[in-house]
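Everything on this sheet refers to the single structure shown next.
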Amino acid sequence: MDTPLPTNPWIGRTVGDRNRYRISDHLGGGGMGDVFLAVDTLLGQEVAIKMVKERLVSTADLRKRFEREVLLCAAIKSDNVVQVKDYGVTADGYPFYVMEYLTGQTLGQLLRQEKRLSRARSAYIMHQICAGLQLAHEGVIMWHDGSADTERVQVIHRDLKPENIFLISTSLGELVKILDFGIAKIANNHLAATNTGLFMGTFQYASPEQLEVRKDLDERADIYSLGIILYEMLSGTDPFGCSERRDVNGLCWVRSHISEKPTPLRSQPGCEQLPEPLEAAVMRCLQKSPRDRFASVKELDRAIQNAIGMRFDNVAAGANISQTSHSAQNTTLEDADRSLTILTYEPTIAEPPKQHSDRSEIQPAQTLTEISLKRLESLLAKYIGPIASLVLKKELAACTHFIDLVERLSAHVPANKQKEFQSFSMELLGGGNHPLTVIQPKTTKPSSDSGAISAFTINLRNVPVDENFVHRCEHELADLIGPMAKLIVQRSMKGKNSVPDLVEAIALQIPNPQTANEFRRRVIN
Numbered sequence: 308m309d310t311p312l313p314t315n316p317w318i319g320r321t322v323g324d325r326n327r328y329r330i331s332d333h334l335g336g337g338g339m340g341d342v343f344l345a346v347d348t349l350l351g352q353e354v355a356i357k358m359v360k361e362r363l364v365s366t367a368d369l370r371k372r373f374e375r376e377v378l379l380c381a382a383i384k385s386d387n388v389v390q391v392k393d394y395g396v397t398a399d400g401y402p403f404y405v406m407e408y409l410t411g412q413t414l415g416q417l418l419r420q421e422k423r424l425s426r427a428r429s430a431y432i433m434h435q436i437c438a439g440l441q442l443a444h445e446g447v448i449m450w451h452d453g454s455a456d457t458e459r460v461q462v463i464h465r466d467l468k469p470e471n472i473f474l475i476s477t478s479l480g481e482l483v484k485i486l487d488f489g490i491a492k493i494a495n496n497h498l499a500a501t502n503t504g505l506f507m508g509t510f511q512y513a514s515p516e517q518l519e520v521r522k523d524l525d526e527r528a529d530i531y532s533l534g535i536i537l538y539e540m541l542s543g544t545d546p547f548g549c550s551e552r553r554d555v556n557g558l559c560w561v562r563s564h565i566s567e568k569p570t571p572l573r574s575q576p577g578c579e580q581l582p583e584p585l586e587a588a589v590m591r592c593l594q595k596s597p598r599d600r601f602a603s604v605k606e607l608d609r610a611i612q613n614a615i616g617m618r619f620d621n622v623a624a625g626a627n628i629s630q631t632s633h634s635a636q637n638t639t640l641e642d643a644d645r646s647l648t649i650l651t652y653e654p655t656i657a658e659p660p661k662q663h664s665d666r667s668e669i670q671p672a673q674t675l676t677e678i679s680l681k682r683l684e685s686l687l688a689k690y691i692g693p694i695a696s697l698v699l700k701k702e703l704a705a706c707t708h709f710i711d712l713v714e715r716l717s718a719h720v721p722a723n724k725q726k727e728f729q730s731f732s733m734e735l736l737g738g739g740n741h742p743l744t745v746i747q748p749k750t751t752k753p754s755s756d757s758g759a760i761s762a763f764t765i766n767l768r769n770v771p772v773d774e775n776f777v778h779r780c781e782h783e784l785a786d787l788i789g790p791m792a793k794l795i796v797q798r799s800m801k802g803k804n805s806v807p808d809l810v811e812a813i814a815l816q817i818p819n820p821q822t823a824n825e826f827r828r829r830v831i832n
């Protein structure tokens, strides 16, 4: 008779207010907690639950501190931070919080598969991490219990590492989400309450001041961790060589972070061709003293983009690339089916470029159509992933001939695949050293729906607020900003007798304008 495999004791249990969440599977775990797949029985949705391993000391003060930390995490509203939906403490004292359930892989899993990433993809991932951290570092608004007073509270992650960076493939490209905001602080609260002066975090990515268990941590501790992560993405190893040692342990990392000098990035094998400004940005993150690092993630993000000559203006839309070294001449062309804009990229240098001896004679100009661009992007994506669209836009702006474009694109492809990529690309583009003329669909500015919303609002001016509408507001707002929704709605109801007045009062308390507009759209449509 086969012995049944042991199962996690949490599987099959229900947690939360009125046993709202039924745990169905164990997704993974780490030093501070385990992640479970669960079903929200109220909404019928799958969610992820992080169960903190340490029990809370049974004091009202510590439970309030836990609630405060989770509410801070829930208040970080960014596409690049995992959304916290709910929280609680089990009957036997284990704190947990409920998150959106994501499908994809962690940056750690990706690095174990590919060892290292291209500079463009590394910068693209780092840009999104910085975008999420910026909102947290700038501070979130918190209300004081029993009053209308508010305060802005800075949130430091404290445990940034590849396993806490989640990558999701979408139709618009690769979306990055930061996981586990605040869990290190929650664990530290437990240790402080039990008089245990231990470091909580991950040795490999911790800043010197964290390892010294200093209490005056600020955003520069997170910036140090980002430096370690970016170094690893670009080189495939860590700055101190600890991961290459057989006897690696926590003391090795502590000694390295506190007293050893990191190895210059460009001295690592395969990193010799990285731009010097990129190396300088990474090494600045790794300075022992916080005052010698970047002052903010916004400053770090700008330095990385400048170093590689790319701009990520809008991640959600696939990111627009701006490049200062080349200009574009735009001519509008009316077509039978759609309007097109012909973009002819020309160098700003007046002198004609010298011809290489191995190039064929220059042929008449040939058009690279929208379909050809899509095919080329799909081909490139097979080698470098979702970052392909960004790389293609950048290199198009720097090229005048087909061969130039293929050669520049192949530089982003792994060395052992470059010849294969060049062969497929030239076959796709028809070969030859044609001057490069690109035809793309004319982009039109999306029309705002604010007019429609305003007209609809006028029609609702005399509609009174009822209980069903209040519940709807609470539900939609909770989906957008988390557990603070009910409190915000209840406070906004004072003196608001019509639907538009209540909606606007709630929207004005949402710090992110895009989120506020989304809330308006949901509840008045």
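The numbering of the sequence shown is the working numbering, which starts it at 308 and goes up by one. For each residue, glycine too, the CB sits at the ideal point set by N, CA and C.
For this session: Could you tell me whether the segment 561 to 577 touches the segment 405 to 417, where touching means 3 or more Cβ pairs closer than 8 Å?
Result: Because the criterion of three Cβ pairs below 8 Å is not met, the segment 561 to 577 and the segment 405 to 417 do not touch.
Exercise. Hey, how far is the Cα of Phe731 from the Cα of Lys700?
Worked result: Rounded to the nearest whole angstrom, the C-alpha separation of Phe731 and Lys700 is 19 Å.
Problem set entry | Buried versus exposed call for Pro273 [16 or more other C-beta atoms within 10 Å across all chains shown] | In the structure as shown, the chain begins at 308 and stops at 832. Residue 273 is therefore absent and cannot be evaluated.
Problem set entry | Continuous beta strand (DSSP E) stretch holding Gly839: start and end | With the chain represented from 308 up to 832, any question about residue 839 goes unanswered, as that position is not in the structure.
For this session: Using beta-carbon positions only, say whether Pro546 and Arg426 come within less than 9 Å of one another.
Result: Between Pro546 and Arg426, the CB-CB gap reaches or exceeds 9 Å.
For this session: Return the CA-CA distance between Glu702 and Leu716, expressed in angstroms with no decimal places.
Result: Annotation: Glu702 to Leu716 spans about 7 Å, alpha carbon to alpha carbon.
Exercise. Rounded to a whole number of angstroms, what is the C-alpha to C-alpha distance between Arg320 and Arg419?
Worked result: Whole-angstrom Cα-Cα distance: 33 Å.
For this session: Would you kindly work out how many angstroms separate the C-alpha atoms of Phe826 and Pro576, rounded to a whole number?
Result: Approximately 50 Å, taken between the alpha carbons.
For this session: Helix, strand or coil for Ala355, going by three-state DSSP, please let me know.
Result: Of the three classes helix, strand and coil, the one that applies to Ala355 here is strand, per DSSP.
Problem set entry | Option in Ile710, Ala704, Leu687 and Cys706 with minimal Cα separation from Lys724 | If we check each option's Cα against that of Lys724, Leu687 comes out closest.
Exercise. Considering only the beta carbon of each residue, do Gly323 and Val405 sit closer than 9 Å?
Worked result: Less than 9 Å divides the Cβ of Gly323 from the Cβ of Val405.
Exercise. Tell me, which residues are paired with Val405 by DSSP?
Worked result: Bridge partners of Val405: Ile356 and Asp393.
For this session: Using beta-carbon positions only, say whether Pro402 and Met449 come within less than 9 Å of one another.
Result: Not closer than 9 Å, so no.
Problem set entry | Spatial distance of Phe343 from Glu526 (CA atoms) | Phe343 and Glu526: Cα-Cα distance of roughly 30 Å.
Problem set entry | Three-state class that DSSP yields for Arg428 in the structure shown | Helix.
For this session: Could you check what DSSP says for Trp317 in three-state terms: helix, strand or coil?
Result: When DSSP states are grouped into helix, strand and coil, Trp317 belongs to the coil group.
For this session: Taking all protein chains shown into account, decide if Leu350 is buried (16 or more other Cβ within 10 angstroms of its Cβ) or exposed.
Result: Exposed is the call here.
Problem set entry | Continuous beta strand (DSSP E) stretch holding Thr477: start and end | Where Thr477 is concerned, the enclosing beta strand (DSSP E) stretches over Ile472 to Thr477.
Exercise. Does the segment 535 to 552 come close enough to the segment 474 to 481 to have 3 or more Cβ pairs within less than 8 Å?
Worked result: The segment 535 to 552 makes no contact with the segment 474 to 481: fewer than 3 CB pairs, one atom from each, lie closer than 8 Å.
Exercise. With a Cβ-Cβ cutoff of 9 Å, do Lys468 and Tyr512 count as a contact?
Worked result: Contact flag set, yes.
Exercise. Per DSSP, what kind of secondary structure is Glu458 in: helix, strand or coil?
Worked result: Residue state, collapsed to three classes: strand.
Problem set entry | Whole-angstrom C-beta distance between Val389 and Leu533, which should lie under 8 Å | That belief does not hold up - the Cβ atoms of Leu533 and Val389 are roughly 17 Å apart, past 8 Å.
Exercise. What span of residues does the beta strand (DSSP E) with Asp786 cover, start to end?
Worked result: Per DSSP, Asp786 lies in no beta strand (DSSP E); the unbroken alpha helix (DSSP H) holding it starts and ends at Glu774 to Ile788.
Exercise. By Cβ distance below 6 Å, which residues in the same chain neighbour Ser514 in space, the five residues on each side in sequence not counted?
Worked result: Closer than 6 Å at Cβ, skipping near neighbours: Ala528 and Tyr531.
For this session: Buried or exposed for Ile565, please, with buried defined as at least 16 other CB atoms from any protein chain shown within 10 angstroms of its CB.
Result: The residue is exposed, with fewer than 16 neighbouring Cβ atoms inside 10 Å.
Exercise. How about Leu784 and Val796: do their beta carbons lie closer than 9 Å?
Worked result: For Leu784 and Val796, yes; Cβs fall inside 9 Å.
Exercise. Beta strand (DSSP E) containing Ala528: first to last residue?
Worked result: Per DSSP, Ala528 belongs to no beta strand (DSSP E); it is in the alpha helix (DSSP H), Glu526 to Ser542.
Exercise. When we look at the beta-carbon of Gln435 and count the other beta-carbons within 10 Å, is it buried (16 or more) or exposed?
Worked result: Classification for Gln435: buried.
Exercise. With which residues is Ser805 paired in a DSSP beta bridge?
Worked result: Ser805 pairs with Pro771.
Exercise. In terms of residue numbering, what span does the beta strand (DSSP E) encompassing Lys484 cover?
Worked result: For Lys484, the enclosing beta strand (DSSP E) stretches over residues Gly480 to Ile485.
For this session: Find the nearest neighbour of Asn326 within the set Thr314, Ala355, Thr348 and Asn775, judged by alpha-carbon distance.
Result: The shortest C-alpha separation from Asn326 is found at Thr348.
Exercise. Taking Cβ to Cβ, would you say Asn819 is nearer than 9 Å to Ser385?
Worked result: Yes, the pair counts as a contact, with Cβ atoms nearer than the cut-off.
For this session: Could you spell out the range, first to last residue, of the beta strand (DSSP E) harbouring Ile448?
Result: For Ile448, the enclosing beta strand (DSSP E) begins and ends at Val447 to Trp450.
Problem set entry | Exposed unless 16 or more other CB atoms sit within 10 angstroms - verdict on Lys689 | Exposed is the call here.
Problem set entry | Local conformation of His708 per DSSP, three classes | The answer is strand: DSSP assigns His708 an E or B state.
For this session: Report the rounded CA-to-CA distance for Arg779 versus Ile817, giving the unit in angstroms.
Result: About 17 Å.
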